[in-house]
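Here the structure comes first, spelled out in structure tokens, and everything after it is commentary.
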Amino acid sequence: MSAVPNGDLNNTSAERIRAEIAIDTAYQGLSLAIPASEDDAEVRRKYRPFVLEAEDAKSDWISQLELSTALKMVDTQVLKCGEDRLRVLVLHGSMRQRSYSRLLAYEASRILFRLGCDVRMYDPAGLPVKDDDHSHPKVQELRDLSKWSDGHVWISPEQHGNLVCISRDIYRSSSQADTTKDGSVQESNRLDSSLHWLCSPDTGSHPRNRSS
1 MSAVPNGDLN NTSAERIRAE IAIDTAYQGL SLAIPASEDD AEVRRKYRPF VLEAEDAKSD
61 WISQLELSTA LKMVDTQVLK CGEDRLRVLV LHGSMRQRSY SRLLAYEASR ILFRLGCDVR
121 MYDPAGLPVK DDDHSHPKVQ ELRDLSKWSD GHVWISPEQH GNLVCISRDI YRSSSQADTT
181 KDGSVQESNR LDSSLHWLCS PDTGSHPRNR SS
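Residue numbering for the sequence shown follows UniProt numbering, starting at 1 and increasing by one per position.
And the structure:
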């Protein structure tokens with residue numbers, strides 16, 4: 001009797017045992033996004049370009065994602081406990097209106113927004129090339145958003161194996177703050193070293209590859 005072939009595209013013999021995902025019906029299809037009636041109108045206009053109209057949101061694929069476990073955690077451990085929503089700054093490295101990185105940033109923002117995060121997107125249009133002018137309005141705006149946020153989502157195009165200049169300018173402009181929230185610059189310096197490696201074609205310059 002010949003064995004049933006298992007090719008690379010359908011190698012069921014090597015897969016792990018599947019476990020059914022338990023869906024909490026009380027949270028299935030729920031959205032914890034900040035409603036327009038409770039949101040700051042100026043913040044919504046300026047920093048939430050990813051928000052869809054009500055009718056479009058109903059048919060958006062993100063509204064159909066199975067997120068009941070995460071939604072329950074946010075609802076019971078954050079919102080119902082009176083805690084602040086997680087503040088997330090989303091950054092993208094392209095100024096083109098229909099760039100893939102911008103559109104992907106919209107999708108990521110919508111997922112986080114549905115999960116109850118306070119999401120804001122920074123528009124890099126007008127951000128100057130990194131220099132010593134720290135008083136530029138776009139630089140100050142970026143730094144204020146970085147200080148406001150609890151976390152970042154970075155989405156950047158790739159060009160010839162490197163980050164694009166806009167992404168580097170965004171990082172360099174936002175990383176000039178003297179200290180982090182807890183008064184430490186250690187994490188900022190570590191991220192700076194890693195970003196320098198990403199921007200350099202010489203992979204030998206990565207901190208992990210250095211002998212010192």
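C-beta atoms are modelled at their ideal positions from N, C-alpha and C, and glycine is treated no differently. Please read these numbers as outputs of a predicted model, since none were measured by experiment.
Collapsing the DSSP output to three states places Ile62 in a helix. Per DSSP, the continuous beta strand (DSSP E) segment holding Met121 begins and ends at Asp118 to Tyr122.
For Val90, the uninterrupted beta strand (DSSP E) run begins and ends at Arg87 to His92, by DSSP.
Here the region 54–74 makes no contact with the region 123–143; the two share fewer than three CB pairs at distances below 8 Å. In this structure the region 112–120 touches the region 30–40; the number of beta carbon pairs closer than 8 Å is three or more.
For secondary structure counted as the alpha helix (DSSP H) over 4 or more consecutive residues, the region 5–39 holds no complete run. Judged by beta-carbon spacing, Leu142 lies within the 7 Å limit of Tyr122, meaning their Cβ atoms are closer than that value.
In this structure the region 81–93 lies against the region 141–155, because at least three pairs of beta carbons, one per stretch, are closer than 8 Å. Pairing Tyr47 with Tyr27, the inter-Cα distance amounts to about 27 Å.
Counted as a single uninterrupted DSSP element, the alpha helix (DSSP H) harbouring Val74 occupies residues Ser68 to Val74.
Burial of Arg110 is indicated by the presence of at least 16 other C-beta atoms within 10 angstroms of its C-beta. Partner residues in the beta bridge of Ile155, as assigned by DSSP, are His92. Annotated three-state conformation of Glu141 is helix, per DSSP.
Minimum Cα-Cα distance from Ala36 among the listed residues Ser59, Val51, Ser101 and Ala105 corresponds to Val51.
In this structure, the beta-carbon distance from Pro157 to Ser94 falls below 7 Å.
The C-beta of Ser101 has 16 or more other C-beta atoms within 10 Å across all chains shown, which makes the residue buried.
Ala54 and Glu107 have their C-alpha atoms spaced approximately 16 Å apart.
An exposed status is given to Ile21, since fewer than 16 other beta-carbon atoms sit within 10 Å of its beta-carbon.
Between the C-alpha atoms of Asn11 and Ile17 there is a straight-line separation of about 13 Å.
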